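There are 4 protein chains.
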Amino acid sequence: MVVVMAPDATAEDVAHVVEKVEAVGGKAFVSQGVDRTIIGLVGDIDSFHGLNLRTLRGVAAVHRISDPYKLVSRQHHPARSTVWVGKPGATVPVGPATFTFVAGPCAVESPEQTLEAATMAKAAGASLLRGGAYKPRTSPYAFQGLGRRGLDILASVGAAVGLPIVTEVVDARDVAEVAEQADMLQIGTRNMANFGLLQAVGESGKPVLLKRGMTATIEEWLMAAEYVAQRGNLDIVLCERGIRTFEPATRNTLDISAVPVVQVASHLPVIVDPSHASGRKDLVVPLSRAAIAVGADGIIVDVHPDPEVALCDGPQALHGPDLRALAQAVRQIPPLVGRGPAEAATVTPPG
Amino acid sequence: MVVVMAPDATAEDVAHVVEKVEAVGGKAFVSQGVDRTIIGLVGDIDSFHGLNLRTLRGVAAVHRISDPYKLVSRQHHPARSTVWVGKPGATVPVGPATFTFVAGPCAVESPEQTLEAATMAKAAGASLLRGGAYKPRTSPYAFQGLGRRGLDILASVGAAVGLPIVTEVVDARDVAEVAEQADMLQIGTRNMANFGLLQAVGESGKPVLLKRGMTATIEEWLMAAEYVAQRGNLDIVLCERGIRTFEPATRNTLDISAVPVVQVASHLPVIVDPSHASGRKDLVVPLSRAAIAVGADGIIVDVHPDPEVALCDGPQALHGPDLRALAQAVRQIPPLVGRGPAEAATVTPPG
Amino acid sequence: MVVVMAPDATAEDVAHVVEKVEAVGGKAFVSQGVDRTIIGLVGDIDSFHGLNLRTLRGVAAVHRISDPYKLVSRQHHPARSTVWVGKPGATVPVGPATFTFVAGPCAVESPEQTLEAATMAKAAGASLLRGGAYKPRTSPYAFQGLGRRGLDILASVGAAVGLPIVTEVVDARDVAEVAEQADMLQIGTRNMANFGLLQAVGESGKPVLLKRGMTATIEEWLMAAEYVAQRGNLDIVLCERGIRTFEPATRNTLDISAVPVVQVASHLPVIVDPSHASGRKDLVVPLSRAAIAVGADGIIVDVHPDPEVALCDGPQALHGPDLRALAQAVRQIPPLVGRGPAEAATVTPPG
Amino acid sequence: MVVVMAPDATAEDVAHVVEKVEAVGGKAFVSQGVDRTIIGLVGDIDSFHGLNLRTLRGVAAVHRISDPYKLVSRQHHPARSTVWVGKPGATVPVGPATFTFVAGPCAVESPEQTLEAATMAKAAGASLLRGGAYKPRTSPYAFQGLGRRGLDILASVGAAVGLPIVTEVVDARDVAEVAEQADMLQIGTRNMANFGLLQAVGESGKPVLLKRGMTATIEEWLMAAEYVAQRGNLDIVLCERGIRTFEPATRNTLDISAVPVVQVASHLPVIVDPSHASGRKDLVVPLSRAAIAVGADGIIVDVHPDPEVALCDGPQALHGPDLRALAQAVRQIPPLVGRGPAEAATVTPPG
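Heads up: the sequence lines are chains D, G, S and V, in that order. When you read off a place in the first sequence, starting at 1, and then add 1, the result is the number in this note's numbering. When you read off a place in the second sequence, starting at 1, and then add 1, the result is the number in this note's numbering. When you read off a place in the third sequence, starting at 1, and then add 1, the result is the number in this note's numbering. When you read off a place in the fourth sequence, starting at 1, and then add 1, the result is the number in this note's numbering.
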């Protein structure tokens, strides 16, 4: 940490800061400049937080230097992690050596629609099936998902087509029930800072897909992952899904730079959701190509057998020629960035 | 709703839209322009949502015209509402005729600190006591609040100084417990879109203080209020607390315009939190003055007997001369905008 | 400046930084932490910029500590400045002791419309007349202003009603011509970073009204003022006019906090433009009240005798009852924050 | 255009709107809903703008339906354009069939540095040379470029290595001088809304590289292009260079979606600047890969023989292994998205 004193801070003010820091076992290095004095702090950062340094007389600013997250940081864990999703004997990797394609319907509507979407997804090369049973909706008047029944449908379709399933959980009270059937628990963008829910999935024993809050900084997103990790669960896959900006042409602005930024800062895998980022079907394929090329560890997209009758986010769901174009990109581009396909059949989880 | 057809849409595409609209009982008015055709829809908007109009061939865009919220809208409820907070015989109004000053410590730390802060708050003119027992924190390593014990302290201090209490609830599982003691339940900025929690407080029977999500549009904020209202609870006070922008000089950017915008769109009262908006003690008094002058129905501020040792947000807590300046503003400015003080003793709730 | 080394930086990397700093006459204070080393730099900041410290091996980040602006900073000029606008014998102050009301039509359309607007403005208490002759418009198909002819009209109307005039200049080639007649030169939001134009008005010998870029940080805005000041012109009034955010309810988001933030950082006066910030007539009066109460040194608003036929920004122009309400606020609120009226007749510029 | 009436608008208010529209030769289609009436307008949009519809009694909102730009729109010009840059006999295409790599130093510092950078750029596959002679800088204390002398250096280096040159012009007064030597004129992000400058380059007879304003919407960016086009110059290449958001990890947020969005809306070519978007050398290669894969018509990057001593933006300049990785991406990825290299020798401009 670095404490910046105000131009009119007195020698006494500086001494008071040093004293406080030393009282909690830290060391304070004073650099006296022409206009200002700065003080470098060395020691246990958590103990410094308790000092309320910004409230002390003469203090103009306090800058944190180290990353506030620990377990998910790459600093003490330089090798990038692979997360394995699925039942024993048929797990799918998400990590630096492969490219994982996750696809399925935004919402589970019926057994038929789900099976059809899953079949399309698998044929296009998907190795994980996503589908929403519990839906967080901005409007209380919008379709809220089938809940428990949707979960049952998704699980049986996943078993039928042979793909592990990923589904969202929106309430800490539902985690145990969902974890019984799902192979991976998704935390949606609106719940990224729902700390009770993060802790609940951290204790669930299942891999977690953690979407970025639509207005969260990358640092806040990694802090959310830290909440999960702190409960003993490091099987976390991050998912960039667009951030809120002033640009109205797309529903959100896909922050493609977040992928390499996260890969420098954290050992966790990171994938991209081009469907929710753009909200426009015609952008899903080009953005998926960009995601692969930038080095993402996977993508997650909406597919639907008949977008015209979809109960949720129809305008962004792929099918037909677009889905074929995406399947081609998923085959062709990953090898150019040193990645193989992520198929359950061909890999063996470690240990 | 207005459907805008693409320049190359065919007469058949237009007819398909009209047919769909009529199939759910709506009427479609076609305006054929030089470059484009637009179709005005009249009827039940919820039935139109199910049509996925944006996915139909030839459709370029769909614009909603009406407000998506109903119960909280001012359209069918033109008179602005007053929400009454407190125990029978000692309730405090928040509404258009008064100006309500809410103050207290960001976090309840101990009986002594809470009593001292409450005494300061009351002396400065506050008529409601706020205090945090359950704290949502960005870092899992930060102070998480005293929980149940903090709630007990707050309740007994509130009774001792004679002020109704407002406190945050962060988990749907805690709502019943908190509602037993609190006079008003606060939903924090990070939980504005936690729909399960919104529904739980909607069923609690207690008034709700609903903070704006730091990246929520005003419309999304009113939709969150609609979630609460839909469960039968219209005792909702909105709280503008700053939005996330590119400007780093303040923790958030106080969206002062949100106050009159909300007052045009909704009948609910709206107050301002200048402490969390700015994160800077030196801005709390000027921003409070601005909030009163713009016509807010109240403000909520952090006070602490000794900010230097506060466990939460010390740098923004008021005390001493700043608190006296604020007390003066709260006395002097409201009469200029047609408001009286909001004192429990002097008012009688209606009905 | 503070240089933060990467966790894996070597002692040699640190030595290289120290060596570079000392080579340009600076001093480097090394604080060796557990995880990282930080280096505090003392000396001439401009010489440090030439070092490209961020490109050196082992350097993770470089933080600037001092303000990058000098002439406009309050650091070496603690007293807040007053800028005087007008012809000798009839100058109007903008500064900490007064509250200055600037009003007039967004665009000068005709002698009649301008005179009528100016008369309305004066009757409402305005002491400076604003009016646009050269208009920067987003669309090349929109009304671009009357140019030179508009300037002539504005000048003769200003003389007729006895108010100094403020008008925008959009091209460095026009500065001399405009400065001949205008009492104050306005730099619009789109030109805040048009450095050639800033330098030209810096040499014009006239006071400058510098609007904040709609997406400029406060620091960048003060750097733009520094460009003007560097050419010898410190008669600069800053104008907050709203920033671009994700909120669509208002044209821009008025950053009301910018007023006290600027007043802490700079000695220059700062006023508020609620008309352009909101783009909504119904918000101009409440936002003006907020601006006065927060401590702004003035406001600038659009008035028009007949907004329905205005050639520019009609929807935000005041007239009738709204203008009367504003006039009342301008009389009543400033005394509560220690300010008197800014009338040319009652003040004498210093020196 | 669509006019939305307020819920309480009267039949008379509706009639007044219709009358105004018909008075300027338009047609008004009235759709009377349960809560509201909407009116679709057909006719000349520019004549409607003069009506100030938003100021009429009973009007709640006015929505524009058509694009406000015309010459640059793809609506009446469905084929995507190719812009040719260079001297007769050696022009380089920027357009849908090729991928154009533009590289060079951020600032021209000396003949030696520029030649070395140009040689590196060409070896890496660049077919256009960029270099800054006139530099717009946020701080008046930063290096402002060599001006005319820098232009001379760049021109002679371009001739020596056989690459057409692209350079920024920051002042309308310099356009003629710069256009004499430059093969393409760049408008920087800070000048995107400097309408006088846009008109000047529109009359220069040279192709224009128009960077997106860091806080401009895509529509505003296309309107800026319309300013250039309106002066008779349609040789415009758009350049996405990152927008301002709340995320601090990168200097700007690269809006990668802008590429396909622009390609749907406009026939103009669009390239990407990953250096200025990120400000971080370690992100330039992954973001360049993303730009190619998303379908951009080219990229523009900073290269410098010795970033440690660069006078401008050293931290983002490529050299060594990073530049080799980029050269490889530029060879390998474009064929996957149907593009060939953009070499002057192999192509013949049409006509």
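From the three backbone atoms N, C-alpha and C, an ideal C-beta is built for every residue, glycine too. Quick caveat: nothing in here was measured; it's all calculated off a predicted structure.
In chain order, Ile-39, Ala-61 and Ala-62 place their CB closer than 6 Å to the CB of V:Val-5, counting only its own chain and leaving out the 5 sequence neighbours on each side. Counting other Cβ atoms within 10 Å of its Cβ, G:Thr-11 stays below 16 and is therefore classed as exposed. Residue-level contact check: G:Met-6 does not touch chain D, since none of the beta carbons of chain D fall below 9 Å from its beta carbon.
When beta bridges are read from the DSSP output, D:Ile-39 appears opposite D:Val-5 and D:Ser-32. By the CB criterion at 9 Å, V:Pro-306 and V:Lys-282 fall outside the cutoff. One Cα belongs to G:Trp-222, the other to D:Arg-213, and the distance between them is close to 20 Å.
Counting C-beta pairs with one atom in each stretch, the segment 118 to 131 of chain V and the segment 98 to 105 of chain V have three or more that are closer than 8 Å, which means they touch. The DSSP-derived three-state label of S:Thr-254 is strand. Note that the C-beta distance between V:Gln-187 and V:Val-162 is not below 9 Å.
For the segment 195 to 217 of chain S, the residues whose beta carbon sits under 9 Å from a beta carbon of chain V are, in order, Asn-195, Phe-196, Gly-197, Leu-198, Leu-199, Gln-200, Gly-214, Met-215, Thr-216 and Ala-217. For V:Gln-187, the uninterrupted beta strand (DSSP E) segment begins and ends at 185 to 188. Around G:Gly-315, the beta-carbon contacts reaching into chain D at under 9 Å are Asn-53, Arg-55 and Thr-56.
A straight line joining the alpha-carbon of G:Ala-343 with that of S:Val-273 spans about 31 Å.
Excluding its 5 nearest sequence neighbours in each direction, G:Arg-340 has C-beta neighbours in its own chain below 7 Å: Ala-98, Thr-99 and Phe-100, listed in chain order. For chain D, the residues of the segment 37 to 49 of chain S that bring a beta carbon within less than 7 Å of one of its beta carbons are Arg-37, Ile-39, Gly-41 and Val-43, in chain order.
Taking CB atoms only, D:Asn-234 has no neighbour in chain G less than 9 Å away.
Taking a beta-carbon distance threshold of 9 Å, V:Val-3 counts as an interface residue toward chain G.
Residues of the segment 179 to 192 of chain V with a Cβ closer than 8 Å to any Cβ of chain S, in chain order: Arg-191 and Asn-192. Cβ-Cβ distances below 8 Å link D:Ser-74 to Asp-68, Leu-223, Ala-266, Ser-267 and His-268 in the same chain, with the five nearest sequence neighbours on each side left out; the list follows chain order. Ranked by how close their Cα comes to the Cα of S:Trp-85, the residues S:Ala-294, S:Ala-278, S:Met-215 and S:Asn-234 have S:Asn-234 in first place. In the three-state reduction of the DSSP assignment, S:Phe-247 falls in the coil class, being assigned neither a helical nor a strand state.
At least one beta carbon of chain S lies nearer than 9 Å to the beta carbon of D:Gln-33. The segment 113 to 168 of chain D contains, as complete alpha helix (DSSP H) runs of 4+ residues, the segments 149 to 162 (chain order). By the criterion of at least three beta-carbon pairs nearer than 8 Å, the segment 274 to 293 of chain G is in contact with the segment 290 to 298 of chain S. Per DSSP, V:Asp-323 has no beta-bridge partner at all. Bounds of any beta strand (DSSP E) do not take in D:Val-25, whose DSSP letter is neither H nor E. Around S:Ser-267, no beta-carbon contact reaches into chain D at under 8 Å, the shortest distance being about 14 Å.
Within the segment 232 to 258 of chain S, contact with chain G at the beta-carbon level (separation under 7 Å) is assigned to Ile-244, Thr-246, Phe-247, Glu-248, Pro-249, Ala-250, Thr-251, Thr-254, Leu-255, Asp-256, Ile-257 and Ser-258. Sequence-distant Cβ neighbours of G:Glu-248 in its own chain, meaning closer than 8 Å and more than five residues away, are Thr-254.
Per DSSP, the beta bridge partners of D:Gly-299 are D:Thr-101.
A check of alpha carbon separations from V:Pro-316 across S:His-17, S:His-50, S:Leu-211 and S:Leu-324 identifies S:His-50 as the nearest. The alpha-carbon separation between S:Leu-42 and S:Ala-16 amounts to approximately 13 Å. For G:Val-171, the neighbours in chain D by C-beta distance under 9 Å run, in chain order, Asn-195, Phe-196 and Gly-197. The Cβ atoms of S:Ala-108 and S:Leu-152 lie no closer than 9 Å to each other.
Between S:Thr-168 and S:Gly-132, the CB-CB gap stays under 9 Å.
Spatial neighbours of D:His-78 in its own chain (CB-CB distance under 7 Å, excluding positions within 5 residues in sequence) are listed in chain order as His-268.
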